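Single-structure report; data block below.
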Amino acid sequence: MTILAFTLIMLLGAFMAGLIGSLSGLGGGIIIIPLLTIGLGVDIHYAVGAALVSVIATSSGSAAAYVREGITNMRLGIFLEIATTTGAVCGALISTIAPGSFIAVLFGLTLIFSSINSLRKKEEQVLEQSSPLARKLKLDGSYPDTNGHPIRYGTKHVLGGFGMMGIAGMMSGLLGIGSGAFKVIAMDNIMRIPFKVSTTTSNFMMGVTAIASTVIYLQKGYVQPGICMPTMIGVLFGSIAGSRILIRSNPKKLRLFFAVIILLLAINMIYHGIAGKI
266 MTILAFTLIM LLGAFMAGLI GSLSGLGGGI IIIPLLTIGL GVDIHYAVGA ALVSVIATSS
326 GSAAAYVREG ITNMRLGIFL EIATTTGAVC GALISTIAPG SFIAVLFGLT LIFSSINSLR
386 KKEEQVLEQS SPLARKLKLD GSYPDTNGHP IRYGTKHVLG GFGMMGIAGM MSGLLGIGSG
446 AFKVIAMDNI MRIPFKVSTT TSNFMMGVTA IASTVIYLQK GYVQPGICMP TMIGVLFGSI
506 AGSRILIRSN PKKLRLFFAV IILLLAINMI YHGIAGKI
C-alpha cells in the first residue's frame with residue numbers, strides 16, 4: 266500500500282470514528298483501533314497511541330459545541346477528572362509492556378460490556394433531588410430540551426461515580442478508547458445523570474484523560490506522526506459533525522444503533538486476539 270492510499274483510508278476512517286465517538290461519547294478509538302490493527306496491520310501499541318491522539322481531537326472538536334449549547338456539566342467534569350487522569354497514567358504504563366493479544370481481547374470484552382449496557386437502557390430518567398454530597402459540591406445542573414427550555418437534574422452516589430472514573434481512566438490508558446464507555450456508565454447508571462449530559466460531559470473530559478496517557482506512549486515511541494496526523498484531522502471534522510447531530514437527536518435510538526456496531530467490532534477484535542493475529 267502506498268503512503269497516499271494509507272493516508273486517504275485513515276482520513277475517511279478517522280472521520281467516521283470522530284462522528285461515532287462524538288455521538289456515543291465512547292471516543293474515536295472504537296473505530297480507529299480495529300481499522301489500524303485488523304484492516305491495515307498496524308501493531309496495536311501504535312494503534313492505541315494514534316487512538317489516544319484522536320480522542321484528544323474528538324474532545325476538542327465536540328466539547329466546545331456542547332459547552333456553548335449549555336449541555337455539558339463542566340463542574341462535574343472537572344471534579345471527576347481527578348480520578349480519570351490518575352487511572353490513565355497507570356493504565357498507559359501497563360499497556361506499554363502488555364502483549365498485543367491481551368490488549369485486543371480486553372478491548373473486545375470492554376466493547377461487549379459497553380454494548381450490553383447500552384441495550385439495557387430503556388428510559389431517560391431525570392433525578393429531581395441530589396444527594397447531600399452532590400449538593401455540597403454543587404454537581405447538579407440543567408440542560409436545554411429540543412425547544413430550548415431548561416431541564417433541571419440532580420445527581421447522587423458521588424463516591425461510587427468517582428471510583429468508576431478511576432477505572433475509566435485506567436481503561437483509557439490501556440485501550441485508547443477515551444474511557445468514554447465507563448465514564449458514561451459512571452454518570453448515567455451510578456450518578457443518575459441524563460444521557461445527553463453524561464455523553465457531552467464525557468466528551469469534555471476525554472481530552473485531559475487522553476493527554477495523560479499519550480505522554481507515556483510518546484516516551485515509549487508509540488506515537489507516530491504518519492499515523493496520527495490523518496487520524497487527528499479526520500476525527501476532528503467527524504467530531505464537529507457529530508456534535509451538531511447529537512443536539513437534535515433521539516438518545517434512545519443512538520444507544521441501539523451504536524450497541525450493534527460496538528458488538529460487531531468487539532467480536533472481531535476478540536477473534537483476532539485469541540488467534541494471535543494482532
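328 is the number that our numbering gives to position 63 of the sequence shown; each next residue is one higher, with no gaps.
Just so it is clear, CB atoms sit at the ideal spot from N, CA and C, and this is done for glycine as well.
Small disclaimer: the values here were computed from a predicted structure and weren't measured.
Among all the DSSP beta bridges, which residues are the ones paired with residue i?
| i | result |
| --- | --- |
| R417 | S407 |
For residue i, does the three-state DSSP call read helix, strand or coil?
| i | result |
| --- | --- |
| H422 | coil |
| Y311 | helix |
| K542 | coil |
| A369 | helix |
| G441 | coil |
| M266 | coil |
| Y331 | helix |
| L398 | helix |
| N454 | helix |
| Y487 | coil |
| L305 | coil |
| V391 | coil |
Have a look at residue i and residue j and give me their C-alpha separation to the nearest angstrom.
| i | j | result |
| --- | --- | --- |
| A270 | G406 | 47 angstroms |
| I455 | G425 | 7 angstroms |
| T464 | L288 | 8 angstroms |
| G294 | A369 | 12 angstroms |
| L273 | G491 | 12 angstroms |
| Y482 | C493 | 12 angstroms |
| P409 | E334 | 8 angstroms |
| I510 | V462 | 15 angstroms |
| T496 | R400 | 41 angstroms |
| G278 | I285 | 11 angstroms |
| E346 | V354 | 12 angstroms |
| N338 | L521 | 24 angstroms |
| V473 | V332 | 16 angstroms |
| A329 | S508 | 9 angstroms |
| I539 | A531 | 12 angstroms |
Short of 7 angstroms in beta carbon distance, which residues of its chain neighbour residue i, apart from the five on each side in sequence? Order them along the chain.
| i | result |
| --- | --- |
| G356 | G434, M435, M436, S437, G438, L439, S478 |
| I303 | N533, H537 |
| L528 | I377, S380 |
| G342 | T466, F469, M470 |
| F447 | M429, I432, A433, M436 |
| A219 | Outside the displayed span of the chain (266 to 543) sits residue 219, for which this structure offers no information. |
| D453 | F460, S463 |
| I359 | L439 |
Skipping 5 residues on each side, what residues in its chain have a beta carbon closer than 8 angstroms to that of residue i?
| i | result |
| --- | --- |
| G431 | A348, T349, T351, G352 |
| I298 | I309, A312, V313, A316, F372, L440, G441, I442, M534 |
| T361 | H310, I481, Y482, K485, Y487 |
| K403 | R340 |
Got a sec? Which residues, its chain only, sit under 6 angstroms from residue i by beta carbon, not counting five neighbours each side?
| i | result |
| --- | --- |
| G365 | I309, I543 |
| V423 | L398, A399 |
| V307 | L301 |
Less than 8 angstroms between CB atoms is the rule here; does residue i satisfy it with respect to chain D?
| i | result |
| --- | --- |
| F447 | Judged by its chain identifiers, the structure shown contains no chain D, having just a single protein chain. |
The region 388-402 in contact with the region 411-421 per 3-pair CB rule at 8 angstroms: Yes, since at least three Cβ pairs between the region 388-402 and the region 411-421 fall closer than 8 angstroms, the two stretches touch.
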